[in-house]
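Before any comments, here is the structure.
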Amino acid sequence: MKALITVTGTDTTGIIAKVCTYLADNGINILDISQTVMQEFFTMAMLVDLSKSEKEFSTVSDELASLGNSMGLVVRIQREDIFTLMHRV
Numbered sequence: 000m001k002a003l004i005t006v007t008g009t010d011t012t013g014i015i016a017k018v019c020t021y022l023a024d025n026g027i028n029i030l031d032i033s034q035t036v037m038q039e040f041f042t043m044a045m046l047v048d049l050s051k052s053e054k055e056f057s058t059v060s061d062e063l064a065s066l067g068n069s070m071g072l073v074v075r076i077q078r079e080d081i082f083t084l085m086h087r088v
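Going left to right, the sequence shown walks through residues 0 to 88 as numbering that gives the first Met the number 0 numbers them.
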């Protein structure tokens with residue numbers, strides 16, 4: 000299953016490293032990534048593949064949210080099919 004992860008908040012050192020380490024440790028492959036910093040505001044979007052992860056989607060979602068909270072960020076994950084349906088014109 001593919002999913003979209005978004006990360007937003009105040010820029011600090013190590014955001015990408017911490018999120019990517021979590022993903023690698025849980026068998027989640029990054030397919031595409033885009034990030035930018037506008038003044039002090041950090042934004043990142045990642046398309047990931049969860050097919051090799053042993054964790055349930057809800058567990059990954061909760062753990063990413065908790066990771067974000069620990070860094071003062073908002074980290075959300077959404078299934079690709081739901082994201083696509085929501086943004087279809």
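Ideal placement from N, C-alpha and C gives every residue a C-beta, glycine not left out.
Predicted model, so just to flag it, every value in this text is computed and none were measured.
In the three-state scheme derived from DSSP, where H, G and I count as helix and E and B as strand, Thr20 is classed as helix. For Leu46, the uninterrupted beta strand (DSSP E) run begins and ends at Phe40 to Asp48, by DSSP. A straight-line Cα-Cα distance of about 12 angstroms links Thr12 and Leu72.
Inclusion of Ile14 and Leu49 in the CB contact set at 7 angstroms is not warranted, their separation being larger than that value. Its chain contains Thr42 as the residues whose beta carbon lies nearer than 6 angstroms to that of Thr35, once the 5 sequence neighbours on both sides are disregarded; these appear in chain order. Asp10 is positioned such that its CB atom lies no closer than 7 angstroms to that of Glu53. By the neighbour-count criterion, in which 16 or more other beta carbons inside 10 Å mark a residue as buried, Leu30 falls on the exposed side.
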